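A.B. asks: Attaching a single structure in structure tokens format; questions to follow.
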């Protein structure tokens with residue numbers, strides 16, 4: 005592969021990570037605004053880190069999603085089996101993403117969430133991480 009093609013590929017994946025990070029920042033802002041409207045204490049670091057973990061796990065899965073989309077196109081002949089492949093991949097990837105997110109959160113923030121000033125917020129964050137993919 006020519007050096008130029010490698011640079012284009014690397015730039016493309018940097019843009020993918022940046023795009024998912026922007027989504028994570030937007031969801032962090034949403035979570036903080038909702039918490040403030042509810043009158044709760046907001047820890048930007050915890051909220052931001054949890055959201056960025058959640059969304060960047062999906063950034064890590066993006067190559068698989070793109071490869072599936074290229075290999076099993078949802079246009080043209082063979083549509084029914086391709087839909088089945090995409091459905092099966094979705095049913096496998098969503099729990100895998102949740103397990104990955106939960107493991108990262110527990111590994112990085114387990115002690116922070118246990119000693120959190122407001123355990124109901126910590127519980128709601130962990131529950132949200134679980135419920136988003138199931």
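Numbering (this note's numbering), first residue to last: 5 to 138.
Glycine included, C-beta positions come from ideal geometry on N, C-alpha and C.
Everything numeric in this text was worked out from a predicted model, so none of it was measured.
(1) In or out: residue 51 buried (at least 16 other Cβ within 10 Å) or exposed?
(2) At which residues does the alpha helix (DSSP H) containing residue 44 begin and terminate?
(3) Whole beta strand (DSSP E) runs in the segment 14 to 75 with 3 or more residues, listed along the chain?
(4) Does the ligand GTP have a heavy atom nearer than 6 Å to the CB of residue 85?
(5) Between the segment 24 to 41 and the segment 73 to 86, do at least 3 Cβ pairs fall closer than 8 Å?
(6) Using a Cβ distance threshold of 8 Å, determine whether the segment 94 to 102 contacts the segment 56 to 72, with at least three qualifying pairs required.
(7) Measuring CB to CB, does residue 96 end up less than 7 Å from residue 86?
C.D. replies: Let me spell this out:
(1) buried
(2) It is not in any alpha helix (DSSP H) - residue 44 carries neither H nor E in the DSSP assignment.
(3) none
(4) This structure lacks the ligand GTP, and indeed carries no ligand of any kind.
(5) no
(6) yes
(7) no
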